[in-house]
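Notes to accompany the following structure.
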Amino acid sequence: MTNPYREFFQRPLQGVFGPLAWPGTWARLFYLMLGFPLGLSYFVFYAIGLGLGVGLLVLAVGALIVAIVFFAALPLGIIERWLANRLLDADVGPTGFEAPGDEGFVEWVKDTLANPVAWKAHLFLLLRFPLGLASWLVAVVTLTVSGAFVFAPLVVAFGGRVNLGPWSPATPAEALPLTALGLLAFLASIHLLNGIAWSWGALARVLLGRSRYASHEEEANARRPLPTSG
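First residue of the sequence shown: 27, per our numbering; consecutive thereafter.
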């Protein structure tokens with residue numbers, strides 16, 4: 027099934043209800059649920075690494091620790107790019123990161139430091155905690171609340187109490203309107219969470235990869251023969 031949002035105005039019914047059956051929706055929800063644990067782990071990584079490194083900058087070992095944190099985080103950026111492409115279908119461009127080759131370690135360090143993606147990837151990883159936590163909370167709250175409304179008749183049927191202020195359904199039949207409201211809330215939640223996931227994909231394209239145009243230009247320049255002197 028293709029992305030139902032691509033032809034939303036041509037096929038509005040598919041655009042409204044299609045995301046419920048679209049596998050991409052559930053992949054995006056999984057990505058949002060990963061936001062809190064991954065973001066927390068990145069936060070701990072930077073807090074410990076940079077805190078220790080900056081605190082020891084008066085010694086040579088401090089600068090070494092900061093450098094280790096900088097380069098050790100690059101594989102995390104590669105993993106995040108893979109997650110964005112795999113779960114969000116974000117089409118993030120290549121990072122440009124390469125393993126040390128024949129040019130030597132020093133040249134590899136210079137090339138990595140000159141790569142803007144190396145710096146932007148750190149920004150993405152740092153944003154993963156606050157924004158990932160916010161996305162996770164929105165997903166948990168919206169899905170939990172809508173699910174509670176959907177199953178309100180079952181709660182009443184098994185002797186539970188649904189208290190909505192001045193009104194409380196006494197029978198499962200009286201709670202059926204809550205089910206309808208919950209289904210509408212669930213559908214709205216799916217669209218909201220798909221929109222949040224789309225925003226994550228857009229952020230990943232900006233921070234985790236080079237633009238496709240720039241990558242093609244670099245490949246063309248690399249294949250272009252060097253001018254020869256007459």
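Glycine included, C-beta positions come from ideal geometry on N, C-alpha and C.
The alpha helix (DSSP H) enclosing residue i, as first and last residue numbers
{"i": "Gln40", "result": "38 to 47"}
{"i": "Arg154", "result": "142 to 176"}
{"i": "Thr197", "result": "No alpha helix (DSSP H) contains Thr197, which DSSP labels as neither H nor E."}
{"i": "Arg112", "result": "100 to 113"}
{"i": "Gly227", "result": "202 to 233"}
Pairwise C-alpha distance: residue j and residue i
{"i": "Ala201", "j": "Val182", "result": "8 Å"}
{"i": "Leu55", "j": "Glu33", "result": "21 Å"}
{"i": "Gly44", "j": "Asn220", "result": "12 Å"}
{"i": "Thr168", "j": "Gly127", "result": "49 Å"}
{"i": "Val118", "j": "Trp145", "result": "16 Å"}
{"i": "Arg37", "j": "Leu113", "result": "24 Å"}
{"i": "Phe35", "j": "Pro120", "result": "32 Å"}
{"i": "Ala165", "j": "Ala214", "result": "12 Å"}
{"i": "Leu83", "j": "Gly77", "result": "10 Å"}
{"i": "Ile91", "j": "Gly79", "result": "5 Å"}
{"i": "Leu190", "j": "Leu163", "result": "23 Å"}
{"i": "Val95", "j": "Phe131", "result": "17 Å"}
{"i": "Pro203", "j": "Thr28", "result": "33 Å"}
{"i": "Leu66", "j": "Ala196", "result": "43 Å"}
{"i": "Ala86", "j": "Ile74", "result": "18 Å"}
{"i": "Ala175", "j": "Val70", "result": "Rather than Ala, the amino acid found at residue 175 in this sequence is Phe. Whole-angstrom Cα-Cα distance: 37 Å."}
{"i": "Leu207", "j": "Ala230", "result": "35 Å"}
{"i": "Gly88", "j": "Gly81", "result": "7 Å"}
Whole-number beta carbon distance between residue j and residue i, since they are thought to touch under 8 Å
{"i": "Phe150", "j": "Leu233", "result": "4 Å"}
{"i": "Trp226", "j": "Ala53", "result": "Actually they are not in contact, since the Cβ atoms of Trp226 and Ala53 sit about 12 Å apart, beyond 8 Å."}
{"i": "Arg236", "j": "Val143", "result": "6 Å"}
{"i": "Pro179", "j": "Pro198", "result": "4 Å"}
{"i": "Tyr68", "j": "Leu102", "result": "7 Å"}
{"i": "Ala261", "j": "Leu58", "result": "Look at the range of the chain in this structure, 27 to 256, and you will see that residue 261 is not part of it."}
DSSP state of residue i mapped onto helix, strand, coil
{"i": "Leu190", "result": "strand"}
{"i": "Leu78", "result": "helix"}
{"i": "Pro179", "result": "helix"}
{"i": "Ser67", "result": "helix"}
{"i": "Phe56", "result": "helix"}
{"i": "Tyr31", "result": "coil"}
{"i": "Glu124", "result": "coil"}
{"i": "Val84", "result": "coil"}
{"i": "Asp137", "result": "helix"}
{"i": "Gly61", "result": "helix"}
{"i": "Val132", "result": "helix"}
{"i": "Phe97", "result": "helix"}
{"i": "Ala116", "result": "coil"}
{"i": "Gly50", "result": "helix"}
{"i": "Ser237", "result": "coil"}
Chain B within 8 Å of residue i, Cβ atoms only
{"i": "Arg231", "result": "Looking at the structure shown, chain B is missing, and only one protein chain is on hand."}
### Query
How about the region 127 to 139 and the region 211 to 227: do they share at least three Cβ pairs that are nearer than 8 Å?
no
### Query
If you pair each beta-carbon of the region 141 to 157 with each one of the region 106 to 122, do three or more pairs fall below 8 Å?
yes
### Query
Taking three-plus beta-carbon pairs below 8 Å as touching, is the region 57 to 64 in contact with the region 155 to 166?
With a cut-off of 8 Å, the region 155 to 166 and the region 57 to 64 count as touching, because enough Cβ pairs lie within range.
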